[in-house]
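Below is one structure, written out as C-alpha cells, with a few remarks after it.
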Amino acid sequence: MDSRTEIRDFLTTRRAKITPERAGLPDYGGHRRVSGLRREEVAMLAGVSVDYYTRLERGNLSGVSDSVLEALARALQLDEAERVHLFDLARAANTSAAASRGRRRPGALLRPGVQVLLDAMTMAPAYVRNGRLDVLGANQLGRAVFAPLFATAAPVPNLARFIFLDPAAQTFYVGWEQLAADTVALLRAEAGRDPYDRGLTDLIGELSTRSEVFRTWWAAHNVRLHRSGVKYMHHPEVGPLTLAYESLDLTTDPGLRLNAYTAEPGSRSREALDLLASWTAVPTEVRNP
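Position 166 of the sequence shown, counting from 1, maps to 166 under the UniProt record's numbering, and the rest follow consecutively.
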C-alpha cells in the first residue's frame, strides 16, 4: 500500500466530515465547492499555514512533529481510533520500507504456553488472532461457539474472509452489516500500523476483488479500536447467543490479541454456553452415536 495515498485519502475523508458549524466557524451561506471544511479552514484551526497543510494532505508526513499531529487531530475532531491511525500513518511515513519489512511479525503458530492458557479457560470461549484477523488458536469452547468459522477449509481461519466471503456468516452473525463495517475498520487500522505486511496487502486485495461491499467500505477510510463490546450470534445448534467480549494484547507476542467471551449469569446464553461446554467434554461418537 502506498503511504502517501493512504495519508491523502484519510485526511481528505476526515475533512469532508466536519462542517463549519461543527467546527465553530461562521457559515456565510452561499455555495461551497467542497463537502466539509476547506483546506484553509483546517489550516487555521490547526495553527499551520495553508501551504503546510496542503503538503500534509498530499500525503507528505515526513518529519512532522507530534505537536502538529495533535493540532491536526483536534482540528479534524478525530476520535481516539482516528488519532491513533494518524500517528500510525506518520510513523509509517518516517520508516523506510526495508526497515518495516524487516520487523518481527507474529508467526503462524502460537507459543505452547498461550495454547495452555486457552485450554485452561474451559467456561469461556476464547481465541487468539493477529492483526490480519487470522485465528491462530482457540480453546474447545471457542471452536464450538465459532463452529461455522472453523468449518472453513482454510488451515488458518480468517475472520474477514469468513465474514465477507462465506454466506454462512450472514446467518451466524446477527447485525452482520455493523460487524462487517467494524471488520473493515479494524483492517484499515492495521494497514496504518503495518502498511508493508505482504499478507495483509494480499488479504485486502482478495477481499476488494471478491466483495463489492468490502471494496466500498474500504474506500471510506474508517478505523476503529477493538477492546470490548457485545456480539450477537445465531448458533446453528444452540440458537441465539449474546456474548460480551474483552480483547487483550499479548504483551510477549506483539501483534497478537486474545479475545474471550462471557455470558450473563443465569441468562439463556449462559445456559447455551454451558451446553456447548458439556458437549466439548464428551467425545463426538458418544454425543452422536
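Where is the CB? At the ideal position from N, CA and C, for every residue including glycine.
Jot down the residue ranges of each uninterrupted alpha helix (DSSP H) in the stretch 117-186, minimum 4 residues, whole runs only, in chain order.
Qualifying alpha helix (DSSP H) stretches, in chain order: 140-145, 147-150, 159-165 and 168-172.
Buried or exposed (CB count within 10 angstroms, at least 16 for buried), residue 94:
Within the sequence shown, residue 94 is the residue found at index 94, counting from 1. Exposed.
Could you please give me the residues that DSSP links to residue 199 through a beta bridge?
Here the question's residue 199 lines up with position 199 in the sequence shown. Bridge partners of residue 199 according to DSSP: none are assigned.
Any idea which residues DSSP pairs residue 233 with across the strands?
One-based indexing of the sequence shown puts residue 233 at position 233. Its beta-bridge partners are 173 and 241.
Please list, in chain order, all residues of the same chain as residue 73 whose beta carbon is under 7 Å from its beta carbon, the five residues on each side excluded.
Along the sequence shown, one-based indexing puts residue 73 at 73. Here the set comprises 83 and 86.
Residue 113 to residue 14 span [Cα, whole Å]:
As a first step, residue 113 is located in the sequence shown; it is residue number 113 there, counting from the start. As a first step, residue 14 is located in the sequence shown; it is residue number 14 there, counting from the start. One C-alpha to the other measures close to 42 Å.
I think residue 273 touches residue 263, with their Cβ atoms under 8 Å apart; what is that distance to the nearest whole Å?
Locating residue 273 in the sequence shown gives position 273, where the first residue counts as 1. Locating residue 263 in the sequence shown gives position 263, where the first residue counts as 1. Right, the Cβ-Cβ distance comes to about 5 Å (below 8 Å), so this counts as a contact.
Own chain, CB closer than 6 Å to residue 148, minus 5 neighbours either side, in chain order
Position 148 of the sequence shown, counting from 1, holds the residue named residue 148. Cβ neighbours of residue 148 beyond the five flanking positions: 168 and 172.
Of the listed residues 222, 6 and 78, nearest to residue 22 (C-alpha basis)
The residue you call residue 22 lines up with position 22 of the sequence shown. It is 78 whose Cα lies nearest to the Cα of residue 22.
For residue 294, the nearest candidate out of 241, 250 and 254 (CA to CA):
In the structure as shown, the chain starts at 1 and stops at 289, and residue 294 therefore has no counterpart that could be examined.
Whole angstroms is fine: what's the gap from residue 195's alpha carbon to residue 278's?
As a working mapping, residue 195 is identified with position 195 in the sequence shown. As a working mapping, residue 278 is identified with position 278 in the sequence shown. Cα-Cα distance, rounded: 43 Å.
How would you call residue 288, buried or exposed, if buried means at least 16 neighbouring beta carbons within 10 angstroms?
Within the sequence shown, residue 288 is the residue found at index 288, counting from 1. Bear in mind that a pLDDT of 46 at residue 288, under 50, signals an unreliable position, so the number given afterwards is only what the model happens to contain. Burial call: exposed.
So what does residue 260 bridge to, in DSSP terms?
Reading the sequence shown from its first residue, position 260 is the one you call residue 260. For residue 260, which the question treats as bridged, DSSP gives the partners 126 and 246.
Can the beta-carbon of residue 133 be found closer than 7 Å to that of residue 160?
Translated into the one-based positions of the sequence shown, residue 133 becomes position 133. Translated into the one-based positions of the sequence shown, residue 160 becomes position 160. Result yes, Cβ atoms of residue 133 and residue 160 sit closer than 7 Å.
Just to confirm before moving on: does the CB-CB distance between residue 64 and residue 81 stay below 7 Å?
As a first step, residue 64 is located in the sequence shown; it is residue number 64 there, counting from the start. As a first step, residue 81 is located in the sequence shown; it is residue number 81 there, counting from the start. No, Cβ-Cβ distance for residue 64 and residue 81 is not below 7 Å.
Residues in the same chain with beta-carbon distance under 8 Å from residue 170, minus the five sequence neighbours each way, listed in chain order, please.
Within the sequence shown, numbered from 1, the residue matching residue 170 stands at position 170. Closer than 8 Å at Cβ, skipping near neighbours: 176.
Range of the contiguous alpha helix (DSSP H) that encloses residue 7:
Counted from its first residue, the sequence shown places residue 7 at position 7. DSSP places residue 7 in the uninterrupted alpha helix (DSSP H) bounded by 3-17.
Where does residue 271 land, buried or exposed, given buried means 16+ other C-beta within 10 angstroms?
Numbered from 1 along the sequence shown, position 271 holds the residue referred to as residue 271. In the assembly as shown, residue 271 is an exposed residue. Its beta-carbon has fewer than 16 other beta-carbons within 10 Å.
Inter-residue Cα distance where the pair is residue 2 and residue 129:
If you number the sequence shown from 1, residue 2 lands on position 2. If you number the sequence shown from 1, residue 129 lands on position 129. Whole-angstrom Cα-Cα distance: 25 Å.
In whole angstroms, give me the CA-to-CA distance for residue 284 and residue 36.
Numbered from 1 along the sequence shown, position 284 holds the residue referred to as residue 284. Numbered from 1 along the sequence shown, position 36 holds the residue referred to as residue 36. Note that residue 284 scores a pLDDT of 46, beneath 50, so its modelled location is shaky; the value from the coordinates is reported in the next line. So the alpha carbons of these two residues sit roughly 58 Å apart.
For the candidate residues 249, 158 and 232, whose alpha-carbon lies nearest to that of residue 207?
If you number the sequence shown from 1, residue 207 lands on position 207. Out of 249, 158 and 232, 158 has the C-alpha closest to the C-alpha of residue 207.
Alpha helix (DSSP H) segment containing residue 252, residue limits:
On the sequence shown, residue 252 is found 252 positions in, with the first residue counted as 1. For residue 252, there is no enclosing alpha helix (DSSP H), as DSSP marks it with neither H nor E.
Specify whether the stretch 245-252 and the stretch 185-194 touch according to this definition: at least 3 beta carbon pairs, one from each stretch, less than 8 Å apart.
Cβ pair count under 8 Å is below three, so no.
Applying the 10 Å Cβ sphere with the 16-neighbour rule, what's the burial state of residue 40?
Sequence index remark: in the sequence shown, residue 40 carries index 40 (1-based). Residue 40 comes out exposed.
Pull up the CB-CB distance for residue 298 and residue 125, whole angstroms please, since I reckon it's below 8 Å.
No answer is possible for residue 298: it lies beyond the span of the chain, which begins at 1 and ends at 289.
Give me, in chain order, the residues of the same chain whose beta-carbon lies closer than 6 Å to that of residue 59; leave out the 5 immediate sequence neighbours on both sides.
Looking up residue 59 in the sequence shown gives position 59. Once the five neighbours on either side are set aside, the close Cβ partners of residue 59 are 4, 7 and 8.
Residue 365: first and last residue of the uninterrupted alpha helix (DSSP H) it sits in
An answer regarding residue 365 cannot be provided, because it is not within the stretch 1 to 289 covered by the chain.
Taking 6 Å as the limit between beta carbons, can you name the residues of its chain near residue 286, skipping five residues before and five after?
Walking along the sequence shown from the start, residue 286 turns up at place 286. Here the model assigns residue 286 a pLDDT of 42, short of 50, so the residue's position is not dependable, and the following value carries that caveat. No residues qualify anywhere along the chain.
Using the C-alpha atoms, what's the distance from residue 225 back to residue 213?
In the sequence shown, counting from the first residue as 1, residue 213 sits at position 213. In the sequence shown, counting from the first residue as 1, residue 225 sits at position 225. A straight line joining the alpha-carbon of residue 213 with that of residue 225 spans about 21 Å.
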